[in-house]
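Everything below concerns the one structure shown next.
Protein chains: 2
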Amino acid sequence: MGEFDLIRRYFQRPATAGGAVALGVGDDCALLDLAPGMQLAVSSDMLVEGRHFLSTVDAALLGHKALAVNLSDLAACGARPLAFTLALSLPSVDEAWLAGLARGLFALADAHGCQLMGGDTTRGPLNLCITVFGEVPRGGALLRSGARAGDELWVSGTLGDARLALEVFRGRLSVPEPVFAAARARMEQPTPRVALGLALRGIASSAIDISDGLAGDLGHVLRASGVGATLDADAVAGTLAARRHVALDAATQRGLTLAGGDDYELAFTAPARRAADVESAARAAGVMVTRIGRIEAEPGLRVVDAQGQPVDQRFASFDHFG
Amino acid sequence: MGEFDLIRRYFQRPATAGGAVALGVGDDCALLDLAPGMQLAVSSDMLVEGRHFLSTVDAALLGHKALAVNLSDLAACGARPLAFTLALSLPSVDEAWLAGLARGLFALADAHGCQLMGGDTTRGPLNLCITVFGEVPRGGALLRSGARAGDELWVSGTLGDARLALEVFRGRLSVPEPVFAAARARMEQPTPRVALGLALRGIASSAIDISDGLAGDLGHVLRASGVGATLDADAVAGTLAARRHVALDAATQRGLTLAGGDDYELAFTAPARRAADVESAARAAGVMVTRIGRIEAEPGLRVVDAQGQPVDQRFASFDHFG
Numbered sequence: 001m002g003e004f005d006l007i008r009r010y011f012q013r014p015a016t017a018g019g020a021v022a023l024g025v026g027d028d029c030a031l032l033d034l035a036p037g038m039q040l041a042v043s044s045d046m047l048v049e050g051r052h053f054l055s056t057v058d059a060a061l062l063g064h065k066a067l068a069v070n071l072s073d074l075a076a077c078g079a080r081p082l083a084f085t086l087a088l089s090l091p092s093v094d095e096a097w098l099a100g101l102a103r104g105l106f107a108l109a110d111a112h113g114c115q116l117m118g119g120d121t122t123r124g125p126l127n128l129c130i131t132v133f134g135e136v137p138r139g140g141a142l143l144r145s146g147a148r149a150g151d152e153l154w155v156s157g158t159l160g161d162a163r164l165a166l167e168v169f170r171g172r173l174s175v176p177e178p179v180f181a182a183a184r185a186r187m188e189q190p191t192p193r194v195a196l197g198l199a200l201r202g203i204a205s206s207a208i209d210i211s212d213g214l215a216g217d218l219g220h221v222l223r224a225s226g227v228g229a230t231l232d233a234d235a236v237a238g239t240l241a242a243r244r245h246v247a248l249d250a251a252t253q254r255g256l257t258l259a260g261g262d263d264y265e266l267a268f269t270a271p272a273r274r275a276a277d278v279e280s281a282a283r284a285a286g287v288m289v290t291r292i293g294r295i296e297a298e299p300g301l302r303v304v305d306a307q308g309q310p311v312d313q314r315f316a317s318f319d320h321f322g
Numbered sequence: 001m002g003e004f005d006l007i008r009r010y011f012q013r014p015a016t017a018g019g020a021v022a023l024g025v026g027d028d029c030a031l032l033d034l035a036p037g038m039q040l041a042v043s044s045d046m047l048v049e050g051r052h053f054l055s056t057v058d059a060a061l062l063g064h065k066a067l068a069v070n071l072s073d074l075a076a077c078g079a080r081p082l083a084f085t086l087a088l089s090l091p092s093v094d095e096a097w098l099a100g101l102a103r104g105l106f107a108l109a110d111a112h113g114c115q116l117m118g119g120d121t122t123r124g125p126l127n128l129c130i131t132v133f134g135e136v137p138r139g140g141a142l143l144r145s146g147a148r149a150g151d152e153l154w155v156s157g158t159l160g161d162a163r164l165a166l167e168v169f170r171g172r173l174s175v176p177e178p179v180f181a182a183a184r185a186r187m188e189q190p191t192p193r194v195a196l197g198l199a200l201r202g203i204a205s206s207a208i209d210i211s212d213g214l215a216g217d218l219g220h221v222l223r224a225s226g227v228g229a230t231l232d233a234d235a236v237a238g239t240l241a242a243r244r245h246v247a248l249d250a251a252t253q254r255g256l257t258l259a260g261g262d263d264y265e266l267a268f269t270a271p272a273r274r275a276a277d278v279e280s281a282a283r284a285a286g287v288m289v290t291r292i293g294r295i296e297a298e299p300g301l302r303v304v305d306a307q308g309q310p311v312d313q314r315f316a317s318f319d320h321f322g
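Shown next as structure tokens:
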């Protein structure tokens, strides 16, 4: 099957009337309209076999995850998804695999009204590169640089379960099958917190999506904002879903939740007086939020336990190029 | 060197004041402003080692080409370049190579006022994925679908020299060293016809950039427009730069120019009464244009020689997934 047939069969769909995409797949460029007063938010992620996923991964799950990690970046900026491009390098044409990839990708795209507007296909080692486009009111994006001393620090959903699944795969942890299945679903089908990101516009002072582990990603916020933070490691550990079903020692819980990676939850800050607004936004978005610390003027990240005592544990970030 | 250091060292540059990029590299998303009345033109190309370039290619030339092929898509739509994202998969960190890549990339980007606004880096088989953004007045983009019976068919610059260089590399053709050097430069450093695309807005009825060979790419225009064309193969062959310096038989000249690939010239149509405007636009853009045929109502591509006799030669398109 040639490149053009491949595109047509799996990735060309009828245009969506009334959407932002004025011209989709099939010309030299796609065309996108932006509503007055809006800025375009853009993010790009590349997923490589053996680094971000295993060759044995279900294609539909891979399609979901490739788009989910990009939507998570939009969520962290408070941007509403509009469209995306997909560039795909394939070692061979496996039609069942491509059909699965398209199924997983479009299910998530349709759930967010995010239209495939263009891309590229080529032969080569398996690689998916998605660039996603969203809209945000001019000047209204949630940025990493907005955290201020006195703000409270929050995190959405549950942390650490994706990493738990990875450690089970690696044979370093052992948990009952249902616990593993739930953790694996978190790893393979992360839920981008798009609705929460939108609901936090005008409330949160800064936000980031947690892809490389909370401690490391929080460091980006602190540096960009020129502030520090004290973080309650036990409050963070309390978000680990698996701890309700399996006994894990405190150091493991903290390691999984603070330095797990692949969580795709939002870490964000808000003035303390906006706490009730944060909780309303989370309810409206249908996602749990947990207060996990406080922003301070003194630079650096101070990790303490529930009693406020320093936690003597290293939480290295997961670096995709380390 | 970690991912973040890598990004900072080679790809993070001071923000350009007054440009379309409101927020560049370093947050979850980059932010782009679009002027009132403008649409965003988007194109994405993925370049894979062994498929689009050899491992031995000079990194600066690769950086140039990776962006050039994307700018060529903007040119074909008549869009003005604004910004781009770069996702990069690298087998290892070779600092001299990265410095070269950045040099070639930014030299071309700066020449077109096109700012790097974000991206991704990861470890994996060598792969460059660029998504480029341009602006075009709403409804003013040059499309593949606008060719009409009676329009004249034009091509910019010279065709076939990139393919000539490839055939010399493959040992199938032999030419004197200076001819090869010139042809190789066309292959390794294509010139995106951005100025011509802009100048043709309001004049050309359709346009496409020639990446897979004129005959094949022209087929996309004819199908999208619901028309056919008669093409003068000898007028096309006349654009081959090498023919001024080396004797090549007619079939080889036609094959190189009609089915060469990697030309990154524009093929476009315009009403016959606009011929003088086409030539003025080309002069203003500083690029040669050649009239090579005529659009007709009857579907299909009819290739004739200078005497109007049918040319009995197959011109297969270069398919990156064939």
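If you read the sequences in order, they're chains A and B. Position 81 of the first sequence, counted from 1, bears residue number 81 in the UniProt record's numbering, the numbering being contiguous throughout. Position 238 of the second sequence, counted from 1, bears residue number 238 in the UniProt record's numbering, the numbering being contiguous throughout. Idealized CB from N, CA, C, for every residue including glycine.
- Contact between L200(A) and A281(A) holds, since their C-beta atoms are separated by about 5 Å, short of 8 Å.
- Ranked by how close their Cα comes to the Cα of M117(A), the residues G19(A), P125(A), Q253(A), R103(A) have G19(A) in first place.
- Rounded to whole angstroms, A79(B) and G255(B) show a C-alpha spacing of 30 Å.
- For T230(A), the enclosing beta strand (DSSP E) covers residues 228 to 232.
- In this model, L198(A) and E135(A) are separated by some 10 Å (Cα to Cα).
- Against chain B, the beta carbon of T85(A) has neighbours under 7 Å at V42, S44, T131, listed in chain order.
- Against chain A, a Cβ distance below 8 Å from P125(B) picks out V48, G124, P125, N127.
- Two segments are said to touch when three or more pairs of C-beta atoms, one from each, lie closer than 8 Å; by this definition the region 221 to 232 of chain A touches the region 290 to 297 of chain A.
- With a cutoff of 7 Å on beta-carbon distance, S72(A) and P192(A) are scored as near each other.
- Under the DSSP assignment, C129(A) falls in the beta strand (DSSP E) whose first and last residues are 127 to 137.
- Straight-line spacing of the CA atoms in F268(A) and D151(A) works out to 10 Å.
- Neighbours of G118(B) in chain A, taken as residues at a C-beta separation under 7 Å, are given in chain order as V42, S43, S44.
- For the options H245(A), D263(A), G238(A), D262(A), the alpha carbon positioned closest to that of A251(A) is the one of G238(A).
- Uninterrupted beta strand (DSSP E) stretches at least 3 residues long and entirely within the UniProt domain "PurM-like C-terminal" (148 to 304) of chain B occur at 152 to 156, 206 to 210, 228 to 232, 265 to 270, 289 to 296, 300 to 304, given in chain order.
- Contact of L34(A) with chain B by beta-carbon distance below 7 Å involves L34, L40.
- Under the 8 Å Cβ criterion, the region 109 to 124 of chain A counts as touching the region 37 to 54 of chain B, having at least three qualifying pairs.
- Against chain A, the beta carbon of S89(B) has neighbours under 7 Å at M46, V48, N127, listed in chain order.
- For P81(A), the number of other beta carbons within 10 angstroms of its own is at least 16, and it is reported as buried.
- Excluding sequence positions up to five before and after E188(B), its CB lies within less than 6 Å of the CB of L61, all in the same chain and listed in chain order.
- In this structure, L266(A) sits near D209(A), with a CB-CB distance shorter than 7 Å.
- With a 10 Å radius around the Cβ and a threshold of 16 neighbouring Cβ atoms, Q253(A) comes out buried.
- Note on Q115(A): 16 or more other CB atoms within 10 angstroms of its CB, so buried under the neighbour-count rule.
- Each residue's CA atom was taken as its position, placing R170(A) and W97(A) some 25 Å apart.
- Proximity to L23(B) across F84(B), D5(B), G37(B) peaks at F84(B), based on C-alpha coordinates.
- The beta carbon of V246(A) lies closer than 8 Å to those of V175, P176, V179 in the same chain, with the five residues before and after it left out.
- Taking a contact as a CB-CB distance under 8 Å, the pair I203(A) and V155(A) does not count as one, their CB atoms being some 15 Å apart.
- When the beta-carbon positions are compared, A41(B) and L31(A) come within less than 7 Å of each other.
- Taking the Cα positions, D249(B) is about 30 Å away from G286(B).
- Per the C-alpha coordinates, the member of R273(A), A185(A), S92(A) positioned closest to T158(A) is A185(A).
- Bounds of the beta strand (DSSP E) holding A41(A) are 38 to 48.
- Only residues of its own chain outside the window of five on either side were considered, and among them T230 have a CB closer than 6 Å to the CB of R302(B), listed in chain order.
- Burial state of R144(A) is buried, judged by a 10 Å Cβ sphere holding 16 or more other Cβ atoms.
- For S72(A), the enclosing alpha helix (DSSP H) begins and ends at 59 to 77.
- In the structure shown, the three-state DSSP call for L101(A) is helix.
- Between T257(A) and L214(A) a beta carbon distance of about 7 Å is seen, short of the 8 Å cut, so the two are scored as contacting.
- Residue burial annotation: V132(B) is buried, with at least 16 other C-beta atoms found within 10 angstroms of its C-beta.
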